Amino acid sequence: MEQLKKQLALSLKKLRSERGWSLDRTAIETGVSKAMLGQIEREESSPTLATLWKIARGFHVSMSSLTEPDFVSGQQTVYRSSDEVRTQPTQDNMLVASLFPFEPQFGFEFFELTLLPGYQRESDPHEPGVVEHVVVVSGEMELLVEGKWQPLKVGSAVRFAGDSHHGYRNLHDEPAVFHNLICYPKTGHSRSS
Ligand code: MN
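The working numbering puts the first residue of the sequence shown at 101, with every later residue one more than the last.
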């Protein structure tokens with residue numbers, strides 16, 4: 101958790117300096133308050149997932165490039181373990197394991213996400229052109245897509261437009277685990293920094 105705080109502080113400061121954005125400008129672009137941005141940069145606050153997504157979207161970068169900006173595997177074989185990389189951002193009943201963080205040459209990030217019982221989150225649209233894939237690995241969950249909550253079971257696979265309103269919830273007593281592949285459109289912006 102401390103490691104994550106430190107990394108987010110570094111990533112935010114680096115992005116701001118690369119863009120030449122003040123805290124005021126960053127607050128406008130991301131929709132995250134200046135006070136919160138300052139707290140993240142001073143490692144005083146562990147932002148929620150919703151806040152992290154706002155920052156990612158505001159800077160036009162992927163989520164995992166905020167948490168693991170230096171991940172570059174290229175053509176190398178990569179071994180990762182969910183158990184080793186899983187984190188629980190503050191106030192979220194969702195556990196996040198970034199199995200394959202974003203790399204510009206591939207244009208996607210791949211997560212294992214765990215929804216604890218009772219978890220529900222409606223997500224702001226991602227950037228235009230983002231496509232998400234959900235594959236349920238264990239438990240049961242529901243996905244809000246095109247305005248309807250769709251029940252999903254183990255093995256269910258869905259691809260949907262991540263740039264529209266969507267959500268995830270678990271109404272059951274057991275955790276639900278799914279794989280989430282997020283593909284970013286090819287554009288001029290750098291998402292890796
Ligand atoms: Mn999403």
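For glycine and all other residues, C-beta sits at the position ideal for the given N, C-alpha and C.
Predicted model only: the values in this text are computed from it and were never measured.
C-alpha gap between S292 and E168, whole angstroms:
Residue confidence is low: S292 scores 47 on pLDDT, short of 50, so the model does not pin down where it sits. No coordinate-derived value is stated.
Give a yes or no on whether the C-beta atoms belonging to H72 and G239 are separated by under 8 angstroms.
This structure cannot speak to residue 72, because the chain is shown only from 101 to 293.
Where does the unbroken beta strand (DSSP E) through W153 begin, and where does it stop?
Looking at the DSSP string, W153 is not in any beta strand (DSSP E); the run it does join, the alpha helix (DSSP H), is 149-159.
Please give me, in chain order, every unbroken run of the beta strand (DSSP E) with length at least 3 that falls completely inside the segment 175-211.
194-200
Where does G247 fall in DSSP's three states?
coil
Cβ shell of M136 (< 6 angstroms), same chain only, five flanking positions each side left out
none
Go ahead and pull the three-state DSSP assignment for G138.
helix
Proximity below 8 angstroms, CB of P275 to CB of L199
no
Find the nearest neighbour of F278 within the set K286, T287, Y284, Y268, judged by alpha-carbon distance.
Y268
If I measure Cβ to Cβ from P147 and keep anything under 6 angstroms in the same chain, skipping five residues before and after, which residues do I get?
I140
Rounded to the nearest angstrom, what separates G174 and H233 at their Cα positions?
22 angstroms
Under 6 angstroms, CB to nearest heavy atom of the ligand MN: contacting residues:
S223, H226, E232, G262, H266
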